[in-house]
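See structure below.
2 protein chains.
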Amino acid sequence: MTYAVILAGGVGSRFWPFSRELEPKQFMKIIGETSLLQATVQRLKGLVEPRRVYIVTNNIYFYEVKAQVAKFGIPDENIILEPQGKNTAPAAGLCAKLISRIDKDAVLLVLPSDHYIKNTGNFKKTIKKAISCAGKDFLVTIGIKPSTASTGYGYIKSGAGKGGYIEVEKFLEKPDLSKAKKYLKDKRFFWNSGMFIWKASVFLEEVEKYLPGLYDSLRSINSVNDIPEIWPGIEPVSVDYGIMEHSKGIALIPADFYWTDLGSWEALAEIFPKDKKGNISNGDALNVDSHGVCVFARGNRLVSTIGVNNMVIADTPDALLVCDRGRAQDVKQLVERLKALKRKEHQVHLTERRPWGSFTVLQQGIGFKIKLIELASKKRLSLQRHKSRAEHWVVVSGVAKITSDGKVSFVRSNESVYIPKGRKHRLENPLRSPLKIVEVQTGAYLEEDDIERFEDDFKR
Amino acid sequence: MTYAVILAGGVGSRFWPFSRELEPKQFMKIIGETSLLQATVQRLKGLVEPRRVYIVTNNIYFYEVKAQVAKFGIPDENIILEPQGKNTAPAAGLCAKLISRIDKDAVLLVLPSDHYIKNTGNFKKTIKKAISCAGKDFLVTIGIKPSTASTGYGYIKSGAGKGGYIEVEKFLEKPDLSKAKKYLKDKRFFWNSGMFIWKASVFLEEVEKYLPGLYDSLRSINSVNDIPEIWPGIEPVSVDYGIMEHSKGIALIPADFYWTDLGSWEALAEIFPKDKKGNISNGDALNVDSHGVCVFARGNRLVSTIGVNNMVIADTPDALLVCDRGRAQDVKQLVERLKALKRKEHQVHLTERRPWGSFTVLQQGIGFKIKLIELASKKRLSLQRHKSRAEHWVVVSGVAKITSDGKVSFVRSNESVYIPKGRKHRLENPLRSPLKIVEVQTGAYLEEDDIERFEDDFKR
Chain A
2 MTYAVILAGG VGSRFWPFSR ELEPKQFMKI IGETSLLQAT VQRLKGLVEP RRVYIVTNNI
62 YFYEVKAQVA KFGIPDENII LEPQGKNTAP AAGLCAKLIS RIDKDAVLLV LPSDHYIKNT
122 GNFKKTIKKA ISCAGKDFLV TIGIKPSTAS TGYGYIKSGA GKGGYIEVEK FLEKPDLSKA
182 KKYLKDKRFF WNSGMFIWKA SVFLEEVEKY LPGLYDSLRS INSVNDIPEI WPGIEPVSVD
242 YGIMEHSKGI ALIPADFYWT DLGSWEALAE IFPKDKKGNI SNGDALNVDS HGVCVFARGN
302 RLVSTIGVNN MVIADTPDAL LVCDRGRAQD VKQLVERLKA LKRKEHQVHL TERRPWGSFT
362 VLQQGIGFKI KLIELASKKR LSLQRHKSRA EHWVVVSGVA KITSDGKVSF VRSNESVYIP
422 KGRKHRLENP LRSPLKIVEV QTGAYLEEDD IERFEDDFKR
Chain B
2 MTYAVILAGG VGSRFWPFSR ELEPKQFMKI IGETSLLQAT VQRLKGLVEP RRVYIVTNNI
62 YFYEVKAQVA KFGIPDENII LEPQGKNTAP AAGLCAKLIS RIDKDAVLLV LPSDHYIKNT
122 GNFKKTIKKA ISCAGKDFLV TIGIKPSTAS TGYGYIKSGA GKGGYIEVEK FLEKPDLSKA
182 KKYLKDKRFF WNSGMFIWKA SVFLEEVEKY LPGLYDSLRS INSVNDIPEI WPGIEPVSVD
242 YGIMEHSKGI ALIPADFYWT DLGSWEALAE IFPKDKKGNI SNGDALNVDS HGVCVFARGN
302 RLVSTIGVNN MVIADTPDAL LVCDRGRAQD VKQLVERLKA LKRKEHQVHL TERRPWGSFT
362 VLQQGIGFKI KLIELASKKR LSLQRHKSRA EHWVVVSGVA KITSDGKVSF VRSNESVYIP
422 KGRKHRLENP LRSPLKIVEV QTGAYLEEDD IERFEDDFKR
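Here the protein sequences come in this chain order: A and B.
This note's numbering puts the first residue of the first sequence at 2, with every later residue one more than the last.
This note's numbering puts the first residue of the second sequence at 2, with every later residue one more than the last.
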C-alpha cells in the first residue's frame, strides 16, 4: 500500500514577519484560505487514503497540525511528534520504521509540507509514475526542470533515460551563480524538489548502509512511546546529504507541474499577479511611481510607497519588513538579530494561537491590558486562578459558559461578567459557532505567567 | 507695543502619515514633548507678553490650539478663528486690523507656527533688530543665509547693507535647481523665512495699495463677530505674492540661527541625529545593511529593513509610508490620491482627538467595536443617547462620573458600568488626573453618527 509521510516540523524564518517560530511557513495561508500543509494533504486525494497519511512535526505544533488536518480525516495518532527537529533523514527513517511494522511492503511518499505546486492533475500523474518506479526498489526523486539559474536549490545531475525513469548520476548542493547558469543550459540538470518515493524497507536498508548510527537508534524505536528517550541522541542529517548523495539505486521522475519551495519572499513574489509596473499588492497598498514593489500587508493598515523600486514590504501588526528584493535571502540574518536581542517578534505574532483558539493584546498600559479572545467551537481554557489580576469579560459574539467559584453561568453577546482576582474560573465555548470575548485585565502585574492551572484539556 | 501674530491655520500634508488634516504639522511634537506651535510661543518669552500673543487658526482647530497654548497664559479671545483658510495676507491683515483698533502704534511679529528654529537666544537678538527696524516704517523680513541649493524655498535678492538692515531688491518664487545653485553662490540671496515684522498701520497701508479688495473687506471687520460674514468673500493670497513682491519699503534682517520650514520628510531628516551609515532610528527600528534610511515609527511596531538605501519610512497605527528620499515632495500627491479615493487616512489618525480628549478604535468586528477613551482632566462628553448600540465601560485608570438615566455614580478603576441602548448618558472626568476607559460597543450599527446630543460643552 501507499503511505504519505509529510514533513511538517520546519521552523522556516525566511517569511518573517509573516512566519514566526510558533507559526512557521507550512501553517501559513499563502494564497486563499488553505495553508501550505493543508494544500499538501489535499493534493493526495485519490493517491493516498487519509488513514495512511502521516505527518511528522515538532511537539509544539501538535495542536496546530491537529486543527489544520482535522477536516481531512487523518487520525490523531498519525501525527508523529519529534521532541527536537533532527532534519529530514531521522524523520523519514522514523516513519519508515513505524509504518513498516504495520505493512512491510509499504511504499512511502515523503513530501515537504511547505512547498507550492500548481496543476494537481499533473502532480498526481508524476507521483503515480514514481510509485510504480519505487516498486522496482529504487529510491525515487522528483526532479524539476530549472527555469532560472537559481542558487537557492540543490541540483540533480541525471544520466541515461530508461523506460519510465531517468538514472541519477549525482546530487549536487546549492551552486554559486556561475555554476547555476551552466546547469540551466545543460538539459541533464534538475532541481531537487525534496519529494521522495520509496519502499520503507528499501529506504531502511539504505539508512543501515549509509547512516548506521541512525539505523541503530531506529532499531530501538518500536512505537511512538520510545521516541522521547531515543530522539535526543540522534544526529541531525538531511536525506539528501545522508542518503541521496551516496546511494546507487536512485531514479528520477521529471515533474510535469509548476513547483517552488517558496524559499524566500522573492520566491513568493514569483507566484503572485503583478500590475503593469510589476507591483504586487497583496493587502491594502497604494503605490505612486513605484516599480517591482511587492506589498504583503496583513497589518490592517494602508501601505503606501512613493518612488520605490524592487522592494518587498511585508507588514504585520507588530513588525514591518522593508527588504531589497535581491536581499530576500538575508531575512534569516535579521531573525538571528532579533533572537540575539531577546525580542519576541521572531517567536509569536501579536495574535497568539493557543490549542483552544487565540488571543490578541489590543492595548496595554499602566495597570491594564485589553485582549480579544477567540475560543474555538467546544473548546475550553484551563480551570485557573490569577494572583494579581482581575478580569472583566464582555461577550461580543457567541455564548460563553463561565465557571466562577464553582458556579456555572451562560453569558451571551452584550453581557458581561467580572472575575475578581484570586477567584477560580474557567471559560468555555459550548456552541458550534466561535466565541469572541473582550477581556479587560486590571492589576499591578499582568503577565501571562500569573496563572495557576487546576485542570487543563491540553495537559499544560 | 509689540504683538505676535502666529499663523496656525495650515493644513500641511507633507508629513503624512504623521500629519493629518485634523492634526496638521504645527500641532505635532516633532522633537520631544513640545509641538511646533508650542515651541513658537515659547520662543517669544521675553519678547512679547502672553496677552499680546495672537494665534490665527481655522475654526476646526480651536480646541486643539486652546489646549496647546493653555499653559502659556494666552487668553482664549486671542485665538482668532477663520471659517476658511485664505492664505497668509488676509490672516495677517485681519490681525493688523483687530490689533490696531486696540493699539494704533502696534508692532506685529508675524510668525509661522510650523517651522523649526535652533538657538533661541540668537533668534531673539535677530527679532529685536527687526523690531527696531520696523519702527522706521519698514516691512521687515527675516532672511536666512542659504546652506544648500534648495528648490523648496522662496528667495530674496538683497541690495545694499544699511545701518542695521539690508535693502531688499526682489522677492523670488521657488527656483529650479540651476537657479538655486546660482543663488547659493551669490551672497546677495537669502531664503524667505516667512517671518515678518511691521507696524500694523504700515502693513494696512500696503494692503490698501496692493490688495485693495482685501482692504475693503477688512474695513468691514470691526470685531471678531464680523469675520464669519466677511471671510467667505475674501480672495486667498499670500503675504509674499500679494505684498512683498510689490512693496518698496522692505528691509531684511539676516537670521543668526538655524532655521528650517520642515517642508518635507527630507527636511525633517536633516535635523535628526544619524548613525554611521546615515540612518535615523526615531522609534523602534532595526536596519541590516541599510544606508541613509530614516525611520520615523509611531506605530508601536518594529520597523526593520534589509539592504535599503535613502528611504523615508514613516509608520503610524493605520498607515505606513515608504518613500524615496528624493521624492519626499511628492507626499502631497499621495495625499491627493487618498482624498480622491475618499479614504480617511489623510483626515484623521486612528487615535482621534476630541475637545474632551481622544479615543482609539482598538478593534472592530461584526456587531462590536472596542475603544480606548481618554478623558482630560475636568472634561465631559455631551449628554447623549444612541439608537443602535449598547456600551460597556470598564474604567482602567482614574475615576469616572457617570450620569445614566439621570442618576449619577462614580466608577473607579477596575469597576464597570453598562449603558443599554436608548439610555441617556454622560461621561465625565471629575478629577485632575486623566481618566481611561475601555468601551465595548455592541449592536448592529456602530458608526459615530448614531448619537443624539442633549447638552454639550463644545457646542456640537
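Built from N, CA and C at the ideal position, the CB exists for glycine as well.
Note that the coordinates shown come from a computational prediction; the quantities given were computed from them, not determined experimentally.
A320 (chain A) sits in a strand when the DSSP states are folded into three classes. Pairwise C-beta distances place the region 27-44 of chain A in contact with the region 117-134 of chain A, as three or more of them are shorter than 8 Å.
Judged by pairs of C-beta atoms under 8 Å, the region 278-285 of chain A touches the region 297-306 of chain A, as three or more such pairs exist. Under DSSP, no beta-bridge partner is assigned to L219 (chain B). According to DSSP, residue pairing for E24 (chain A) in a beta bridge involves A:R21.
Bridge pairing for C295 (chain A): A:I281 and A:V313 [DSSP]. With contacts defined by Cβ atoms closer than 9 Å, I128 (chain A) and I143 (chain A) form a contacting pair. Where I231 (chain B) is concerned, the enclosing alpha helix (DSSP H) starts and stops at I228 to I231. Ranked by Cα distance from N120 (chain A), the first of A:A92, A:N88, A:A256 and A:E207 is A:A256. Within the same chain, H387, K388, S389, R390, A391 and G444 come within 8 Å of K422 (chain B) by CB-CB distance, once the 5 residues on both sides are set aside. Residues of chain B with a Cβ closer than 9 Å to the Cβ of E448 (chain A) do not exist; the shortest Cβ-Cβ separation is about 17 Å. Identification of residues in the region 329-348 of chain A having a C-beta nearer than 9 Å to some C-beta of chain B yields A329, D331, V332, Q334, L335, R338, L339, L342, R344 and E346, given in sequence order.
The distance from the Cβ of I145 (chain A) to that of F191 (chain A) is about 6 Å, consistent with a contact at the 8 Å cut-off. Proximity of L363 (chain A) to chain B, defined by a Cβ-Cβ separation below 9 Å, is satisfied. Burial check for K98 (chain B): the Cβ neighbour count within 10 Å reaches 16 or more, so the residue is buried. A Cβ-Cβ separation of about 14 Å leaves Q27 (chain A) out of contact with A5 (chain A) under the 8 Å criterion. Taking C-beta atoms as the reference points, S159 (chain B) and P18 (chain A) fail to come closer than 9 Å.
Here V225 (chain A) is exposed. Its C-beta has fewer than 16 other C-beta atoms within 10 Å. When CB distances to chain B are screened at a threshold of 7 Å, the residues of the region 369-390 of chain A falling below it are F369, I371 and L373, in chain order. Boundaries of the alpha helix (DSSP H) around G94 (chain B): T89 to I103.
The C-alpha of C96 (chain A) lies about 8 Å from the C-alpha of V57 (chain A). Taking the CA atoms as reference points, D325 (chain B) sits about 50 Å from E416 (chain A). In chain order, K158 and G160 place their CB closer than 6 Å to the CB of E170 (chain A), counting only its own chain and leaving out the 5 sequence neighbours on each side. Annotation: E448 (chain B) to L173 (chain B) spans about 49 Å, alpha carbon to alpha carbon. Around the beta-carbon of N79 (chain B), 16 or more other beta-carbon atoms lie within 10 Å, marking it buried. Nearest CB-CB separation between G366 (chain B) and chain A: below the 9 Å threshold. With a contact defined as Cβ atoms closer than 8 Å, E375 (chain B) and P435 (chain B) qualify at about 6 Å. Taking the Cα of L82 (chain A) as reference, the smallest distance to any Cα among A:R302, A:M245, A:K72 and A:A93 is reached at A:A93.
One finds V395 and S417 in chain A with Cβ atoms closer than 7 Å to the Cβ of H393 (chain B), taken in chain order. Burial is judged here by how many other beta carbons sit within 10 angstroms of a residue's own beta carbon; E236 (chain A) has fewer than 16 and is exposed. In the DSSP assignment, I254 (chain B) is bridged to B:I143. Closest option to G165 (chain A), judged by alpha-carbon separation, among A:K137, A:P147 and A:K182: A:K137. Distance between D262 (chain B) and D177 (chain B), taken at the CA atoms: about 18 Å. Among the residues of the region 419-438 of chain A, those with a Cβ less than 8 Å away from any Cβ of chain B are Y419 and K437, in the order of the chain. L109 (chain A) places its beta carbon less than 9 Å from that of W199 (chain A).
Taking 9 Å as the threshold, the shortest C-beta distance from P176 (chain A) to chain B does not fall below it.
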